[in-house]
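In terms of the numbering used here, the first sequence opens at residue 3 and continues consecutively. First comes the structure, then the notes that go with it.
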Amino acid sequence: MYRVIEERVRAAIGAHIEKAYGQAVSVGVERPPKLEMGELATPVCFELAKRLKRAPRLIAQEMAGSIGAIEGVTRVEVAGGGYLNVFLDRAAFFENVARLAGREAMAAGADASKVIVEHTNINPNKAAHIGHLRNAALGDTFVRLLRHTGRCVEVQNYIDNTGVQVADVVVGFEHLEKKSPGDVRTLAAEPQFDYLCWDLYARVTQWFEEEKTRLAFRVETLKAIEEGRGTAAEIGVIVGEAIVRCHLRTMERLGVEYDVLPRESEILHLKFWKQAFGMLRERGAIQLATSGKNAGCWVMPLGKSEGGEKNRPARDALPHQGGSGQAGATGESEAAGENQDEKIIVRSDGTVTYVGKDIAYQLWKFGLLGLDFRYARFAKRPDGDDVWASTSGAGEADAPQFGHGSEVYNVIDSRQAFLQHVVVAGLRALGHEEQANHSTHFSYEMVALSPRAAQEMGYTLSPDEEKRAYVEMSGRRGLGVKADDLIDELEEATSAEVAERHPQLAAEEQEKIAHTIAIGALRYFLLKFTRNSVISFDFKDALSFEGETGPYCQYAAVRARNIVRKVEEQGGKLPETISAAGAGQWLAAPGGNDVWELALIAGSLGSAVTGAVETQEPAILAKFAFQLAQAFNNFYHKHHILSEEDAAKKAFLLALVEAVEKQLVAALELLGIEAPERM
RNA sequence: GCGCCCGUAGCUCAGUUGGACUAGAGCGUCUGCCUUCUAAGCAGAGGGUCGGGGGUUCGAAUCCCUCCGGGCGCGCCA
């Protein structure tokens, strides 16, 4: 609602300025600091004053008098040095909120083009940890947001099942544990196989460090896995598949689902790279280095700004630029030295690097590769849909068409910014400017451990690490908080509380509520931070259920539901609809300011969603949910609805409560958080 | 060495494209509030040279420069 009026005001003022002053300006709008100053304001007259060389306040006065009527707006006032403050028609706004609450989602397919979001991407060689949870929570929430705005989204979870990490675990099974493929198969059937591999992976790393010559096993195993031969390959397949299933289970616990799992093994078998290599070579995007330290490698030159610079803001400039900064002006001497700004794509032994395969994958996502995967059903989702995986077999005939997106978001942590940049540079070098511009690295900072958290888990830190604000997690060291452990701990804490509060409920019901609250706490915790803030993980914060947390928001929704339920139980007959005039009476300033504020926030969900999508920042929505919950809790203590004697007022308050409940539930749903019936 | 990110209250963090008064939350601390729709809640108090210094502007936490401090990345690893 708010978003619609915001747009309307923006358009009206913009058009008016165009007409009356012949100036085209973008009209910025904001929320005034106080309700008495209206619901919407614009400082546009300051900008206009500069251009017209006139006092801003005078322009504002002129405009306030001549702007004319805007639907939903009662008046426009001049304030301060030249602000235009806009006052909304409260009754009309409320009527809209009450009518449309919870149904603001745009029709699916409004934009038929497909958006591909790739997230999770955990190496299938160990249990998922909390860093992976941040990735999945961000990716999944962004997907929900895009779908809410009517976009058609495909969720991909890339599985690097033939990489070094899997190879290391295979080495562990074969050489450390002396296991046969049959033994591993038996182990893989155990529920906590991912935990077993977590420990084994750390042990193998240790084992390599003790005796460097053992690294030969890794090289040999990696090659065997890539070529699909021998027991190593067999074990690799077993491990890769079993661990992926563990990850899917873990992610299912927090409501994260996927459409398709493209796997690296198929990228190899179907010769995606060979195809991409041909294209890159033909276009001259990669060159064979004949001299210098990279002699014998195929390299991609970097650092040129390739003309079309407009849609890449300065901060997205090439992270690794080395040498000459300003193109042309100075630093030309650098051009003489080769190997300066280039990235190796194919090693001198002919094997392709990770980034090379990534370029092929990215091309496939846009349907630019000229090759496609085949697919087989891999798993069933709770919603009944299938999760498909790429396959080297014949594939199933009824598989949907994946890929062929027009926009791609890769949810990957910021440490991989450079590689993501190389991938986009590859697209651009192939002449796919359009697709390059629609490739977004949805980056976020890592989850690290607070030194205290690391110590609580029994790790001994170096004196240097103890002094730091946080310690980076490390799969190789086995240093990290496993996702399932944290979820278990959250569920344990919540179920004790639920059992105490609702002893009459069946155990199964209690468990379900505890789970919902646990996930609410977890997802909110992962989403409340903005993307480029490093999360220094601390158990105390993550296990908190008070204050700015998921459960706080859920609790507000539960309270709202309780009121509605109690009123229904009392059987009190209340008017079905609230007339605008009636609502206006209770919303009128100054007495109605507090209820009006709540209605205003409730009506601002669309605005929060738009903001979150445009800035690709789910934290904006998390903040919104909290603010709405907070406003409601405040209202809850001021107004006692069940004991309200004035039937008309009671009906109005109840309508407000219902609207808030729907909007809050909708906001939480977008965050992947369910609101329980009781808690 | 080069690049990216960060530095706001004791702690953890918000702060849309520069804006209006007293720079906001949450946690923690202190004080109140459960015979009233569940206290996973509410009200109040205290707490800040927005890392330092310059500059642009009518106006800067926000933009530019510089310095300091921290993190990450820069491999024929992924």
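All C-beta atoms, glycine included, are put in the ideal place defined by N, C-alpha and C.
Can you have a look at Pro384 and say buried or exposed, based on whether 16 or more other CB atoms are within 10 angstroms of its CB? exposed
Thinking C-beta only, is Leu658 closer than 8 Å to Val597? yes
Of the residues Asp185, Ala501, Ile7, Leu524, which one's Cα is nearest the Cα of Glu513? Ala501
Along the chain, where does the alpha helix (DSSP H) containing Arg153 start, and where does it finish? It is not in any alpha helix (DSSP H) - Arg153 instead sits in the beta strand (DSSP E) that spans 153–158.
Simplified DSSP assignment, three categories, for Glu548: coil
Which value, in whole angstroms, describes the spacing of the CA atoms of Asp91 and Ile603? 15 Å
Identify whether Ile346 lies in helix, strand or coil by the three-state DSSP scheme. strand
What are the boundary residues of the beta strand (DSSP E) that Met302 is part of? 300–303
With H, G and I counted as helix, E and B as strand and the rest as coil, what does DSSP make of Phe210? helix
Could you round the C-beta distance between Asn127 and Gln158 to whole angstroms and report it? I think they count as a contact, below 8 Å. That belief does not hold up - the Cβ atoms of Asn127 and Gln158 are roughly 20 Å apart, past 8 Å.
Under 8 Å between C-beta atoms of Gly407 and Glu156: yes
In whole angstroms, what separates the C-alpha of Arg56 from that of Val88? 22 Å
Could you please give the first and the last residue of the uninterrupted beta strand (DSSP E) stretch that includes Ala76? The amino acid occupying residue 76 in the given sequence is Thr; Ala does not appear at that position. Per DSSP, Thr76 belongs to the beta strand (DSSP E) from 75–81.
Cβ neighbour criterion (16 or more within 10 Å) applied to Phe153: One point to set straight first is that residue 153 is Arg, not Phe, in the sequence displayed. Buried is the call here.
Contact between the segment 210–218 and the segment 138–145 (3+ Cβ pairs under 8 Å): no
Who are the near neighbours of Ala624 in its chain, counting only those whose CB is closer than 8 Å to its CB and skipping five residues on each side? Tyr526, Leu529, Lys530, Leu673
Taking 8 Å as the threshold (C-beta atoms), are Val46 and Gly30 in contact? yes
Alpha carbon to alpha carbon, what distance is there between His639 and Met3? 26 Å
Kindly identify the DSSP beta-bridge partner or partners of Lys484. His131
Considering Ile124, what are the terminal residues of the alpha helix (DSSP H) in which it resides? Unbroken run through Ile124: none, as it is neither H nor E.
So, is His642 buried or exposed, given that buried needs 16 or more other C-beta atoms within 10 angstroms? exposed
Given that a residue counts as buried once 16 or more other Cβ atoms are within 10 Å of its Cβ, and exposed if not, what is Gly372? exposed
Mind checking whether Ser706 and Glu447 have CB atoms under 8 Å apart? No answer is possible for residue 706: it lies beyond the span of the chain, which begins at 3 and ends at 681.
Between Gly327 and Glu344, what straight-line distance do the alpha-carbon atoms span, to the nearest angstrom? Residue confidence for Gly327 is low, a pLDDT of 30 falling below 50, so the modelled location carries little weight; the figure read from the coordinates is stated next. Roughly 15 Å between the two C-alpha positions.
Anyone know if the C-beta pair for Phe628 and Leu600 falls short of 8 Å? no
Rounded C-alpha distance that separates Ile537 from Gly573: 49 Å
Any contact of the segment 225–233 with the segment 160–179, i.e. 3+ C-beta pairs under 8 Å? yes
Measure the alpha-carbon distance for Leu589 versus Glu38 and round it to whole angstroms. 13 Å
I'd like to know if the segment 179–193 and the segment 234–248 are in contact, where contact means that at least 3 CB-CB pairs between them fall below 8 Å. yes
In chain order, what residues of the same chain have a beta carbon less than 6 Å from the beta carbon of Ala129, not counting five sequence neighbours either side? Asp196, Tyr197, Trp200, Lys484
Complete alpha helix (DSSP H) runs within the segment 421–455 (minimum length 4 residues, chain order): 435–439
Could you compute how far the alpha carbon of Arg5 sits from the alpha carbon of Leu102? 13 Å
Residues in its own chain within less than 8 Å of Leu432 by CB, not counting five upstream and five downstream? Met281, Leu282, Arg285, Ala287, Leu365, Leu370
Own chain residues within Cβ distance below 8 Å of Gln63, not counting five before or after: Val80
So does the segment 550–560 actually touch the segment 664–679, counting three or more Cβ pairs closer than 8 Å? yes
Please determine whether the Cβ atom of Val80 lies at a distance below 7 Å from any heavy atom of the ligand SAH. The ligand content of the structure shown is nil, which means the ligand SAH is not present either.
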